[in-house]
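J.:
2 protein chains.
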Amino acid sequence: MARRNDHSKEELAELVIDATRHLVDELGPGRVTARKIADRIGYTPGTLYQRFANLNDIFLHVNAVNLAQLETQLGAAAASAETPIDAVLEMGYAYLNYAASHPNRFALMFTSHVPHGEDAPGHVQERVDALFALVTQQMSVIWPEADAETLELRARALWSGVHGVASLSVRDQLFTRHWQADRKMLNELITRFLR
Amino acid sequence: MARRNDHSKEELAELVIDATRHLVDELGPGRVTARKIADRIGYTPGTLYQRFANLNDIFLHVNAVNLAQLETQLGAAAASAETPIDAVLEMGYAYLNYAASHPNRFALMFTSHVPHGEDAPGHVQERVDALFALVTQQMSVIWPEADAETLELRARALWSGVHGVASLSVRDQLFTRHWQADRKMLNELITRFLR
DNA sequence: CAGAATATTAAACAATGTTCATTTAATCAA
DNA sequence: TTGATTAAATGAACATTGTTTAATATTCTG
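Top to bottom, those sequences are chains A and B.
Under this note's numbering, think of the first position of the first sequence as 25, with each following residue one higher.
Under this note's numbering, think of the first position of the second sequence as 25, with each following residue one higher.
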């Protein structure tokens, strides 16, 4: 068998990314192998390397997709809020929720060894920027007189905090058995910061 | 060659842990292999598996050592401060500093896939607890009237935030080119929280 | 319809974590 | 001082990994 034009380049790339996405969900980042991806889409491992530089490259593309998805969820959460403070809170909960619902995706994005080299899809940085922008936007409502630099700093500061809670929570490194400790901590962190 | 009593069980275990610690520093968690560890201490890979269940087990022991070291540094930072708020700030800086100085150690502790199973050295949880305790302690000075549960929650909330800044900073995921952005963010986060 | 271009494969490579029978030295009993 | 027992360390093997590449078979082009 060789050269069956079952899929176009773009279709194949999407097949690979999608299969990898699901494999990551099912097995966790560390157990996703080139052969498993190839198996799932009905190709052989070698094929992957024509569209992607290596496995890491594929993971980066998966991250881009997931970040975009996360971004829309955060956007929706913010949109449903009445006040800017509520918006940030809701976004925080949405973030926590995403991490809890898709721990493996979250791990791939933030707690796996996926170095973003030159060949990385520029999308990733853009997506993270967009994420921070959502927070900055709310803060500009809370502090209308603050300059851009201050807002950027504060947004990143608070959101890093939110990220910290989510990170430790997914990895069960909070070591507390309070019910919904992560949500309570998030509430504490955000309200004290924005007050 | 076989059975040369060059080292006792305990000595050998320490040799392994120490060699792994340095290899992690030099190569990053992902590039440390059983053969490299064995090479460095002048043994063969098989030997590692008499003292440790597997590579992951070794990593967990390395984490325990590193956590203890981090703990002493945070303790020292707090001790040198005048006020409790300063103490938390200094601890935060020390945390950030440790992450920046030893990014690979930090990665192994928090951003690598090192599942802590049953066989895990209980030390790890105890070390994390001790770390949180350092923060809680300062907060009990700031809020003398607060009950234990509130303090625990607040300490974990703030420290998760600090951890978030450090995490994103080590991985260059803050995507800002402000000079010492991480330190500024940390200051913002802590002072606003404790104010 | 011949020939060029290319998508896909299959096989190979070195390196990985881990296991285990074998070998060698140290320990113990006499 | 022997001989037998115990245990430490080896080395070879295994399956699996990411990645490369020559060969293959199909589609495209003239």
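Ideal placement from N, C-alpha and C gives every residue a C-beta, glycine not left out.
Remember, it's a predicted structure, so these values are computed and weren't measured experimentally.
Starting from the Cα of Arg172 of chain B, find the closest Cα among A:Val159, A:Ser164, A:Met163 and A:Thr200 and give me that residue.
T.: Looking at the sequence itself, residue 172 of chain B is Ala, so the reference to Arg does not match. When the alpha-carbon of Ala172 of chain B is set against those of A:Val159, A:Ser164, A:Met163 and A:Thr200, the nearest one is in A:Thr200.
J.: Does the beta carbon of Thr215 of chain B sit closer than 8 Å to a beta carbon anywhere in chain A?
T.: no
J.: Counting only the same chain and skipping the five closest in sequence on each side, list residues whose C-beta sits under 7 Å from that of Thr68 of chain B.
T.: Hits under 7 Å: Ala62.
J.: Any idea if Tyr119 of chain A is buried or exposed, counting beta-carbon neighbours within 10 angstroms, 16 or more meaning buried?
T.: buried
J.: Decide yes or no for the touch test of the stretch 25-43 of chain B against the stretch 198-218 of chain A: beta carbon pairs closer than 8 Å, at least 3 of them.
T.: no
J.: Using 8 Å as the cut-off, can you tell me whether the stretch 180-198 of chain B makes contact with the stretch 179-189 of chain A, which would need three or more C-beta pairs spanning the two stretches below that distance?
T.: yes
J.: Taking three-plus beta-carbon pairs below 8 Å as touching, is the stretch 101-117 of chain A in contact with the stretch 152-171 of chain A?
T.: yes
J.: By the criterion of Cβ-Cβ separation under 7 Å, what are the contact partners of Met163 of chain B in chain A?
T.: Ordered by position in chain A, no residue passes the 7 Å Cβ test against Met163 of chain B, which lies about 12 Å from the chain.
J.: Using a 10 Å radius around the Cβ and a threshold of 16 neighbouring Cβ atoms, would you call Leu47 of chain A buried or exposed?
T.: With 16 or more other Cβ atoms from the protein chains shown falling within 10 Å of its own Cβ, Leu47 of chain A counts as buried.
J.: Just the chain A side, please: which residues come within less than 7 Å of Phe130 of chain B by C-beta, in chain order?
T.: Going along chain A, no residue has its Cβ under 7 Å from Phe130 of chain B, so there is no contact; the nearest lies around 12 Å.
J.: Quick one: using the 10 Å Cβ neighbour count with 16 as the cut-off for buried, is Ser136 of chain A buried or exposed?
T.: Buried, by the Cβ-count rule.
J.: At least one CB of chain B closer than 8 Å to the CB of Phe199 of chain A: is that the case?
T.: yes
J.: Runs of 3 residues minimum, wholly inside the stretch 49-129 of chain B: which ones carry the beta strand (DSSP E) assignment?
T.: none
J.: What three-state label does DSSP hand Ala170 of chain A in the structure shown?
T.: coil
J.: In the structure shown, what three-state DSSP assignment does Leu177 of chain A receive?
T.: Three-state DSSP puts Leu177 of chain A in a helix.
J.: Nearest-angstrom Cα distance between Arg129 of chain B and His126 of chain A?
T.: 26 Å
J.: Determine the chain A residues that contact Leu192 of chain B at a beta-carbon separation under 7 Å, and present them in chain order.
T.: Ser184 and His187
J.: Since Gln149 of chain A meets chain B, which of its residues come closer than 7 Å, beta carbon to beta carbon?
T.: Phe199
J.: Count the other C-beta atoms from every protein chain shown that fall within 10 angstroms of the C-beta of Asp143 of chain B, then say buried if there are 16 or more, exposed otherwise.
T.: Any reading at Asp143 of chain B must be qualified, since the residue scores a pLDDT of 47, below 50, and its modelled position is unreliable; no value is offered.
J.: Spell out whether any CB of chain B is found under 8 Å from the CB atom of Arg64 of chain A.
T.: no
J.: Taking only beta-carbon atoms, is Thr57 of chain A less than 8 Å away from chain B?
T.: no
J.: May I ask which residues mark the beginning and end of the alpha helix (DSSP H) holding Thr215 of chain A?
T.: Segment Ala205 to Leu218, the alpha helix (DSSP H) holding Thr215 of chain A.
J.: Taking Asp153 of chain A as the query, report the chain B residues whose CB atoms sit under 8 Å from its CB, ordered along the chain.
T.: Here the neighbours are Phe199.
J.: Hey, would you say Tyr117 of chain A sits closer than 8 Å to Arg207 of chain A, going by beta carbons?
T.: Yes, these two residues count as a Cβ contact at 8 Å.
J.: Report yes if the CB atom of Arg151 of chain A is closer than 8 Å to the CB atom of Ala92 of chain A, and no otherwise.
T.: yes
J.: Less than 8 Å between the C-beta atoms of Ala102 of chain B and Val194 of chain B, yes or no?
T.: Not in contact: Ala102 of chain B and Val194 of chain B (Cβ atoms no closer than 8 Å).
J.: Check each candidate in B:Arg27, B:Arg178 and B:Ala124 and name the one with the smallest Cα separation from Leu94 of chain B.
T.: B:Ala124
J.: Keeping to the same chain, check which residues put their C-beta closer than 6 Å to that of Arg64 of chain B; ignore five residues upstream and five downstream.
T.: Ala43
J.: When the Cα atoms are used, what is the spatial distance from Asp196 of chain B to Leu84 of chain A?
T.: 15 Å
J.: Going by alpha carbons, who is nearest to Thr107 of chain A out of A:Ile166, A:Asn87 and A:Val86?
T.: The option with the nearest alpha carbon to Thr107 of chain A is A:Ile166.
J.: Under 6 Å Cβ to Cβ from Met115 of chain A, same chain only, skipping five residues before and after it: list those, please.
T.: Leu98, Ala101 and Ala102
J.: Report the rounded CA-to-CA distance for Leu177 of chain B versus Met209 of chain B, giving the unit in angstroms.
T.: 21 Å
J.: Answer with buried or exposed for Asn29 of chain A, where buried requires no fewer than 16 other C-beta atoms within 10 angstroms of its C-beta.
T.: exposed
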